[in-house]
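A.B. asks: Below are the C-alpha cells for one structure; questions will follow.
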Amino acid sequence: MTLVQDRTLRFGVELKRQLKRRRTKLLTGLTALLPLVLVIAFGFGDAPDTAKRGGTFADLAMVSAPNFVVFGFYVAGAYLLPVVVAVFFGETIASEASWSSLKYLLAIPVPRRRLLRQKACVAGGLSAFTLLLFPACAFLVGVIWYGAGDATSPSGDAVPFGKSVVALCIASAYIVVQLSWVAGLALLLSVSMDAPLGAVGGAVMAGVLSQILDAITALGDARKFLPTHYTFSWIDVFSTNVDWTAMANGVLLSLGYCLVLTTLAVRRFNRKDITS
Amino acid sequence: MKLQLTRSRVVALAAAVVVLGGATAAWASGGSDPQAKYRVEDAFIDVNGVSLDTSLYLPERTPAPAVLLAHGFGGDKHSTEKDARELADAGLVVLTYSARGFGESNGKIALNDPALEVTDARQLVDKLAQRKEVQLDGPNDPRIAVSGASYGGGLSLLLAGTDRRIDALVPVITYNSLAEGLLPNGVFKSSWGGFLYSMGVNESTEDVCGRFTAEICKAWTEVATTGTMSEETLNLLRRISPASTNTGVTAPTLLVQGEQDTLFGLDHADANAKQVKGPVQVVWFAGGHDGAYPDEKLRARIIGWIRYRLTGQGENPFGAFEYDVQGNITPEGVQSVRTVRVPDYPGVHGNPRKLQLSGGEQTIITPPGGLPAAISGMPALNSRLAQTPISSLFGMDLPGQQATFTSEKLTAQLLVAGSATITLKVSAVGTPGDGVLFVKVYDKDPNGNRTLPGNAVAPIKLPPLPQDGSPIEVSVNLAGIVRPIENGHELQISVATTDQTYRTPTTPATYRVSLDSVEVPVVPGVATESPFPVGQLLGIAGVLVLALVLACIRRRRREDVDPNLEHTPLVIQGLAKSYKGLTAVDGLSFRVERGQILGLLGPNGAGKTTTLRMLMGLITPTSGTIRVFGSLVRPGAPVLGRIGCFVESAGFLPHLSGAENLRLYWAATGRTPEEAHLEEALEIAGLGDAIKRRVKTYSQGMRQRLAIAQAMLGLPDLLVLDEPANGLDPPQIHAMREVLKRYAATGRTVLVSSHLLAEVEQTCTHVVVMHRGQVIASGTVDEIASAGGATSFAVDQPELTATTLRQLGVSDVDIEDDVVHADLNGVACGQAIAALVTAGVSVSRAGPRVRLEDAFLQLVGEGS
C-alpha cells in the first residue's frame, strides 16, 4: 500500500481544483477592476459642490495614489472584501458536498482534519491574494491617474509618498488579518450546511448585522466586542504618530473569533455524518 | 444548521473565551464604579459680605488635597457638577460655588474684581483650610488647586496671582485681558459683548444693569453705545484682568485654550503663559467658546495633572505644549482629531515660515453705515453650524469690500499652528474714515472653495492715515488657528472693511491695500511613543499559541487490526445505525472473501446505502464493527485507501472535464500516477471524446460510468459499487458484468449493491439479502435460490405431474406452462421423479427452482 495520508490533497492539487472555477476568476477579476470603475465614476461625477466647506471624503481620494487606495479600502472594506473571504471559505466544504464529491475525497481517505486544513489553506491563499490584489490594482490605477503624491489621511495628517506605501502595506496586511473572523464563520457554516450559498450568505449577513449593531451607539462599550468594530482601524497607520491600540484590538478580536469558530468547525466536521 | 451544545463543544468555547477574556481585560479597563465614592455637602457660606451657594464634595479617604472649582459666565455651581464629580472620584476634595451675582448666591457681578469675587474665593480657601477633610501644608494653608473655564478660568488666574497658598491652577479657555477680549485692537466685538450681557440679566430684572455692579454697568453702557473705551473703563478692565496679577502666579499652571474660540483666542493663553512665573504647560484643544468643552479623555488627563501636582503621584500627563489638529470628516461622519506634542512651547507665533503672496495693490471700500457687512460666523455656534448644510450662509465676503492675497499652490501640507503675522501697506483714497479693517486667513482648495479656520477674524484699528494718500505700513497679528492646509491648496489672506461680529465702522471710506508676504507659524511635533498595546499583543500571542496547540493535538489512534482477518476483504459484525430513533441498519453481520463478487440485495430502504456509507467511513455506526482486511474502519482510516467505491451518486467537479476530474482525483490521493491505471479506467468509462468535455454537460449514464471508472482507479483490493447498473443501457450492463468478473478473477473482491434481482443473479457469485436493516439470507446465489426448497420439473404433462406430486404430500404446486414448481417438503427429489416416471410423465429436467426473485420475495415476505 503506497498511500501516505500526509500527501493526500496537497495544496497544489486543491489549488488547481479551485483555480479552474469560474467564480474564482470572476471574483478576482471584479476586485481587480473595481479601482478602474471608481476612476471612471469620478470622471463622470459632477465637480465637487462649491457651497460645501472643505471637501467630502471622495474628494480626498483624488489627491494622490495612496489616498485613492485608502478611499478604495473604505468603499470596499465594509462589503466587498468580507464577501471575497466569505465566498472562498463558505464554499470550501459546502460546494464539495453539493457536488457529492466530498464523500469521494473522504474515502481516498483524506483525513477530515487534513481535508479541512488543506481547503482552508487554499481558501486563505486565494482570499489573501484577492484582498491584496485590490490595493495593488488601486495603487497602480491611482499612480496613473492621480500621481504619486502624499497621503492625506482623514485626520488631516500628511504622510509622504514613500512612508505611505509602507503604511498601505501594513493596512493591507491588517485588513487580511482582520477579516479572519469572516473566514472562521464561513468555514463553520460551510461544514454545517450542504448549500454553499447558505454558508456564504450566512457569513455576509453576520457581517452586516454586526455593522448595524455597531451603529447603535446606545450599546456603548459592548460594541467593542463586535467583530466589525475595528474594520477601519487601519486608518491609524496613516499618521506621523501611529497609535497601534485600535489595530491591536482588532487583530486580537478577529483572531479570537477565528480561533473559536474554526475550532467549532473542526469539531463539527470531525463528527459529522456525511450524507450528501 | 443545528447547534447542539455538547460538553466538548462547551469546553472548547470556554477555553477560547478565557483567552479572549484575559486579553480583552487588558484594554477594557474597568468602568467607573456606579457607587459614588464621595458625599456632597450643600451649604450657603457667608464671605466678604455675600452669601455664596456652595457644594463640598468629600471623597472617602480624607484628609485629601482640595480643588476650588469656579464656573463660567452665566452658569452657577451646578454647571461644574460633572467636573466636580470626576475630581471627587479621583479622591480630591472639591468645592464648587455660585459666584456672586449668579445662581442662588446674592451680590452683584463685578467681573472677577480682586476686591470682590477674588476675595470671595480667597475666603473660601480659608474656609476649606478649616475643614478637617482637607490636607494642609501649614496653618490656614490647604493643599489646593484652582480651576475653572472662561470666567472661572479668569478667577483661577486672579486668585493664584494674589494668593500664594494656591498650589496648582488650570485656567481653561480664559482671557488675559478683558479689554483685548472684548475690544481687540480697540474694535468692539459687539456680538460676543451682547451675548455676555444677556447672561448677566435675568427675567426678573427691571434694571438695565441687571445683576451687574454699577461700575461694570456704566463701563458696559459706554462700550456698547460708543464702541470705544474711556481711560476710566480701560483702567477698570485692566484692574480686573489676569494680566494685572499674573506676575504673582508662581504655582504650576496648565493653560488649556480652545482652537475654536472667537471670544478668547489662542493669543490670550499665550499672553498668560508669558506672564505667569510658575512652570507653565500649554494645551490647545479642538474646542472652545465656539466648539466643545474638553472631552472625557482630556478631562481625565487634566484630573491626572491636578493629582500629579497636588499629590506628586503618577506622571505629568502633559508635555510643555500640545495642540489638536482637526482633520477631515471621516467616512463615518465624525470630525477626526489628532494631537501633536511639542517639547517646547514656542509661543503663538511659532517658528515663522514666510509665504509669498500675490494680489498686488487692491482697492476696498467701507460702505456708508457699514452695511451690508461681511459674515464670518455666529459666535458660540460656529462649530455646530459647520456641520449643517446651511453653514455656507454664515461665511460671506462682499464684493468691493474685500482684498485677497493668495499664495502659490502648496506643494506639501502646511500645518499652521498659531497666529500668522503680516505687514500690510495701506493708504487712504480720499477721507481716511474710521480706519478699521478685518483680516482673515483662508484655506482655499483647488476647486476654489474657501474655509475660514476657526471662524477667526483679526480686527485692526489703523493709525491715522496721511490725508495725501501716501501709504503706511502696519504690522498685524492674525487670529491664532490650527489648520492643516493640504498639498495643492492655497493660503489666502483677506483684508475686508466690514464684519458682522464686530461693531463695523459706519463712515464711508476707500482704502488701497497691498500685501506681499505672510509669516505663518509652524510648530513641528515630535514623534511621541504612544503607549504600545502590550496587553493586546500578549493576547494575540496567546491566541496564536492556543491555535498552534489545538492544531498539534492529534489523536493518533493506533490502527485497530485483527491479524486473523488480514486476508479477508470485509467482515461486518453486529453493525447498527439509527438516526433519531429510526433504525436504518440493525445488527447486520456478513463477510466477504477474496475473489467473490458479492451482491448486496434488498429492496429500497433496506439499509444498503447506509451500510456502504459506514463501510467508507462517511458515517459512524451506532454499534458494531466493520473490518476491511482486518483493520477497523473509521472516518479517515488508512485502510480505506484499499477500497474503491461508487456510492449513491457520482461526485465530480462540474467545471472540469471527465479526464481532468479523474486525474485530479488521483492526484488528491497523493499516489504516483503510474499506480492509477488511468487508461484502463478510461476504457471502462467508454466515454470516447466526451472525456474531454466538462462534466457539467454529461448525461446521467455518462456520469455513472465515469464514477465507476473513478472507483476502479488504482485497482483497489475491494471494489464497492452501489447500484452500478442504474442509467446504463443493456449492452453497457453486459460489458460491465464482464469487467467485474474479470476483476474478481484477479483475486480482488467486488461488492455490488442492487435492488435488481436479475442483475445480482447474473453478476454475482454470492449474495447477501437485506431487509429492514438486517441480513435475512446469505450464501451463494444457488444456495439462496434454492433456500426455499422449491424444485422445478420440466414435463410433458403438467396437470398429471401436479396431481401426482400432490399425492406425495408435496405442497405449493404451481403450474407454469411446461414447468411445474413444487415445494417438496422433505420428499427426496429422486423419489418425486420416480413417482412421476411411474405415473407416465416424461421428465425432461428437474432441479432447484433458480429464480432468485421467487426466493427473494419469499424471504422478504409478502406485502413488504
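Going down the list, the sequences are from chains A and B. Residues in the first sequence are numbered consecutively from 1, following the numbering used here. Residues in the second sequence are numbered consecutively from 1001, following the numbering used here. Glycine residues also receive a C-beta, built at the ideal position from the N, C-alpha and C atoms.
#1: When the cut-off is 7 Å and only beta carbons count, does A:D194 lie next to chain C?
#2: Hey, quick one: how far does the beta strand (DSSP E) through B:D1499 stretch, first residue to last?
#3: Residue range of the alpha helix (DSSP H) that A:M205 falls in?
#4: Which of the three DSSP states is assigned to B:A1576 in this structure?
#5: Just list the residues that DSSP pairs B:L1588 with in beta bridges.
#6: If we define contact as Cβ-Cβ less than 7 Å, is B:H1489 a contact residue for chain A?
#7: Quick check on B:A1834: buried or exposed, where buried means 16 or more other Cβ atoms within 10 Å of its Cβ?
#8: Going by Cα to Cα distance, which pick from A:A158, A:T31, A:G201, A:Y74 is closest to B:V1325?
#9: Going residue by residue through the region 80-135 of chain A, where are the continuous alpha helix (DSSP H) segments of at least 4 residues, counting only ones entirely within it?
#10: From the DSSP output, in three-state form, read off B:L1414 for me.
#11: Hey, how far is the Cα of B:M1702 from the Cα of B:A1790?
#12: Quick check on A:F11: buried or exposed, where buried means 16 or more other Cβ atoms within 10 Å of its Cβ?
#13: Which residues of the region 16-46 of chain A have a Cβ closer than 8 Å to any Cβ of chain B? Give them in chain order.
#14: Who pairs with B:C1645 in a beta bridge, going by DSSP?
#15: Between the Cα of B:P1505 and those of B:V1170, B:T1497, B:F1394, spot the shortest distance and give me the residue it belongs to.
#16: Looking at the structure shown, is A:N270 part of a helix, part of a strand, or coil, going by DSSP?
#17: Using C-beta distances below 6 Å, list every residue in its chain close to B:F1590, excluding the 5 sequence neighbours before and after it, in chain order.
#18: For B:C1829, collect the residues of the same chain with a Cβ closer than 7 Å to its Cβ; drop the 5 residues on either side in sequence, then sort them by chain order.
#19: Within its chain, find whatever has a CB closer than 8 Å to the CB of A:A246; leave out the 5 residues flanking it on each side and keep chain order.
#20: What would DSSP say about B:Q1130, mapped onto helix, strand or coil?
#21: Is B:S1657 close to chain A? Criterion is C-beta to C-beta, closer than 7 Å.
#22: What residues of chain B sit near A:G149, judged by a beta carbon separation below 7 Å?
#23: Between the region 1411-1433 of chain B and chain A, which residues of the former have CB atoms less than 7 Å from a CB of the latter, in chain order?
#24: Using DSSP with H/G/I as helix, E/B as strand and the rest coil, what is B:F1394?
#25: Among all the DSSP beta bridges, which residues are the ones paired with B:Y1323?
#26: Suppose you measure from the CA of A:L26 to the CA of A:S95; what does that come to, to the nearest Å?
#27: In three-state terms, what does DSSP make of B:V1436?
#28: For B:A1300, which option in B:D1083, B:S1407, B:L1575, B:F1212 has the closest C-alpha, if you only look at C-alpha atoms?
#29: Pick out whichever of B:G1265, B:P1184, B:G1153 has its Cα sitting closest to the Cα of B:I1460.
#30: Residues of chain A with a CB under 7 Å from the CB of B:C1645: which are they?
#31: For B:V1843, which of B:L1824, B:D1818, B:D1823 has the nearest alpha-carbon?
#32: Between the alpha carbons of B:S1494 and B:Y1442, how many angstroms are there, rounded?
#33: Can you find at least 3 beta carbon pairs, one from the region 202-212 of chain A and one from the region 96-104 of chain A, that sit closer than 8 Å?
#34: Strictly by DSSP, which residues pair up with B:F1212?
#35: Residues of chain A with a CB under 8 Å from the CB of B:V1457: which are they?
#36: For chain B, find out if any of its Cβ atoms is closer than 7 Å to the Cβ of A:R223; answer yes or no.
C.D. replies: Here's the rundown:
#1: The structure shown contains no chain C; the protein chains it does contain are A and B.
#2: Careful: B:D1499 lies outside any beta strand (DSSP E) and carries neither H nor E.
#3: Its alpha helix (DSSP H) spans residues 196-215.
#4: Reduced to three states, the DSSP call for B:A1576 is strand.
#5: In the DSSP secondary-structure assignment, B:L1588 is bridged to B:L1575.
#6: No, B:H1489 does not count as interfacial toward chain A.
#7: Result: exposed.
#8: Nearest C-alpha to B:V1325: A:A158.
#9: Entirely contained in the region 80-135 of chain A, the alpha helix (DSSP H) runs reaching 4 residues are, in chain order, 80-98, 102-107.
#10: It is a strand residue.
#11: Straight across, the Cα-Cα distance linking B:M1702 with B:A1790 is about 41 Å.
#12: Classification for A:F11: exposed.
#13: Correct list: K16, R17, K20, R21, R22.
#14: According to DSSP, which records beta bridges pairwise, B:C1645 is partnered with B:V1720.
#15: For B:P1505, the nearest C-alpha among the options comes from B:T1497.
#16: Here A:N270 sits in helix by DSSP.
#17: Answer for B:F1590: I1572, V1768, V1775, S1778, listed in chain order.
#18: Contacts found: T1791, A1846.
#19: Short of 8 Å from the beta carbon of A:A246, and not among the five residues preceding or following it, lie these beta carbons of its own chain, in chain order: Y230, S233, D236.
#20: Three-state DSSP puts B:Q1130 in a helix.
#21: With 7 Å as the cut-off, B:S1657 does not count as an interface residue toward chain A.
#22: Counting only Cβ-Cβ distances below 7 Å, A:G149 has contacts in chain B at N1487, in chain order.
#23: When C-beta distances to chain A are compared with 7 Å, the residues of the region 1411-1433 of chain B below that value are A1412, Q1413, in chain order.
#24: DSSP places B:F1394 in helix when its eight states are reduced to three.
#25: DSSP lists B:W1284, B:V1340 as partners of B:Y1323.
#26: The straight-line gap from Cα to Cα measures roughly 17 Å.
#27: Here B:V1436 sits in strand by DSSP.
#28: Closest by alpha carbon: B:D1083.
#29: For the residues B:G1265, B:P1184, B:G1153, the minimum Cα distance to B:I1460 belongs to B:P1184.
#30: Neighbourhood of B:C1645 in chain A, by CB distance below 7 Å: A107, in chain order.
#31: For B:V1843, the nearest C-alpha among the options comes from B:D1818.
#32: As the crow flies, the alpha-carbon of B:S1494 is around 7 Å from that of B:Y1442.
#33: They do not touch, by the three-pair rule.
#34: Its beta-bridge partners are B:I1109.
#35: Simply none; closest approach about 16 Å.
#36: Nearest CB-CB separation between A:R223 and chain B: not below the 7 Å threshold.
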